[in-house]
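Engineer: Shown below is the structure under consideration.
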Amino acid sequence: MKINYDEACQYGLAVFETLPVKDGQPYWLEAHIQRLSASIAYFNLPLPPSIATDLTAYCHLQQGNKIVKLLISSNNICFTHRPNTYTEEIYKKGFSVTYASTCRNETSPFTFHKTANYGDSILEKRKAHQNGFDEPLFLNTKGYIAEGATTNIFFIKNQTLYTPSLSCGLLPGIVRAYITDTFSAQECLISPNDITQFDECFMTNSVLGIIGVTSCGTYTFPHLNQYTTHIRQKYLIDCTKPFLYKRSY
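Below you can see the structure in the form of C-alpha cells.
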C-alpha cells in the first residue's frame with residue numbers, strides 16, 4: 175500500500191469508518207457511508223464516486239468475524255481489516271470504566287466527526303488499560319459526561335435510557351442513534367455525581383455493539399446485563415437489517 179504524505183499524515187486531517195463484517199456481510203453499511211459522506215463534505219475532502227461499491231466489494235472479501243476500516247484523506251483512500259477479537263466472555267464480564275484526565279472539547283468540530291485526530295483517545299485508553307480498566311470516560315470542559323475513548327455511553331433507571339446530549343461534545347455514533355431511536359433514550363446533561371441514581375450502564379460502538387458496564391470511577395452499578403441484555407438481544411437481530419442513519423449534529 176502506497177501512502178501519500180498529505181494533511182492526514184502531517185496533521186491528522188482524515189476521516190474514517192470502522193464496521194464489523196461477518197463472512198463477507200457488513201453491518202449497517204449504508205449508515206456508515208452516510209456518516210462518512212457527511213464528514214467528507216464538512217472537511218471538504220474528495221468523495222470518490224465509487225466508494226460505496228469499493229467498500230462493499232472489500233467487505234465481501236472478508237471471511238469470519240472481521241473489522242473493516244476505511245480512511246479517506248485529501249490524497250489517500252485506505253482499506254484495512256483485522257480480526258474481531260471481542261468474545262462472549264467479554265460481554266458477560268462487562269467493562270470497568272475510569273474517568274479520563276483530559277476533557278472533550280465540545281466546541282471543536284473534530285469532536286463530532288470520526289477523524290484521524292485521535293491522540294487524546296489513544297493516550298487515555300492506554301492509560302486506562304495500564305491501570306486495569308477497559309475504557310476511559312471523558313467529561314467535557316463544563317464537567318458533564320461526554321463519551322468514552324471509542325464509545326458512547328447510556329445509563330438506565332427503571333428501564334428508561336439516558337445518554338449525554340450531543341451538545342456535550344461526542345461522536346454521534348451509529349449504534350447510539352439506533353438505541354436512541356429504538357428505545358426513546360432521553361438525551362440530557364449528566365454529571366459524575368448523577369450516576370449513583372442509575373441502575374445500569376452500557377457502552378456502544380459499531381465494533382462492540384453493546385456492552386454492559388460494571389463500574390464507573392469508584393461507583394459500582396447495582397446491576398449488570400439485566401435490562402441491557404434485552405437491548406443487546408434486539409440489537410443483534412436488527413443489526414443485520416437496514417438502518418437509516420440520520421446525523422443530527
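Under the numbering used here, the sequence shown is numbered contiguously, ending at residue 423. We put the beta carbon where it would ideally sit given N, CA and C, even for glycine.
(1) If we require 4 or more residues per run, which alpha helix (DSSP H) segments fall completely within the segment 312 to 394?
(2) According to the neighbour-count rule (16 or more other Cβ atoms, all chains shown, within 10 Å of its Cβ), is residue 308 buried or exposed?
(3) Tell me residue 127's beta-bridge partners as DSSP assigns them.
(4) In the DSSP assignment, find the unbroken beta strand (DSSP E) run with residue 277 in it and report its ends.
(5) Check whether the segment 211 to 230 touches the segment 325 to 345, taking contact to mean three or more Cβ pairs, one atom from each stretch, closer than 8 Å.
(6) From the DSSP output, read off the bridge partner residues of residue 239.
(7) Mind checking residue 355: buried by the 16 CB within 10 Å criterion, or exposed?
(8) Who are the near neighbours of residue 363 in its chain, counting only those whose CB is closer than 6 Å to its CB and skipping five residues on each side?
(9) Pull up the distance between the alpha-carbon of residue 374 and that of residue 331, whole angstroms please.
(10) Quick check on residue 206: buried or exposed, where buried means 16 or more other Cβ atoms within 10 Å of its Cβ?
(11) Return the Cβ separation of residue 377 and residue 322 in integer angstroms, given the expectation that the two are a contact with Cβ distance under 8 Å.
(12) Does the segment 380 to 392 come close enough to the segment 269 to 285 that 3 or more CB-CB pairs lie under 8 Å?
(13) Determine the DSSP secondary structure at residue 289, reduced to helix, strand or coil.
(14) Helix, strand or coil for residue 396? Go by DSSP, reduced to three states.
(15) Can you look up residue 310 in the DSSP assignment and give me helix, strand or coil?
(16) Using only CA atoms, which one of 256, 289 and 415 lies nearest to residue 233?
(17) On the three-state DSSP scale, how would you describe residue 223?
(18) I need the DSSP call for residue 416, collapsed to helix, strand or coil.
(19) For residue 263, count neighbouring Cβ atoms within 10 angstroms of its own Cβ and tell me buried if that reaches 16, exposed if not.
(20) Residue 216 by DSSP, collapsed to three states: which one?
Structural biologist: So, to answer that:
(1) 348 to 356
(2) By the beta-carbon neighbour count (other beta carbons within 10 angstroms, threshold 16), residue 308 is buried.
(3) Because the chain in this structure spans residues 175 to 423, residue 127 falls outside the shown range and cannot be described.
(4) 269 to 278
(5) no
(6) 196
(7) exposed
(8) 318
(9) 7 Å
(10) buried
(11) 6 Å
(12) Yes, they touch.
(13) strand
(14) coil
(15) strand
(16) If we check each option's Cα against that of residue 233, 256 comes out closest.
(17) coil
(18) coil
(19) exposed
(20) helix
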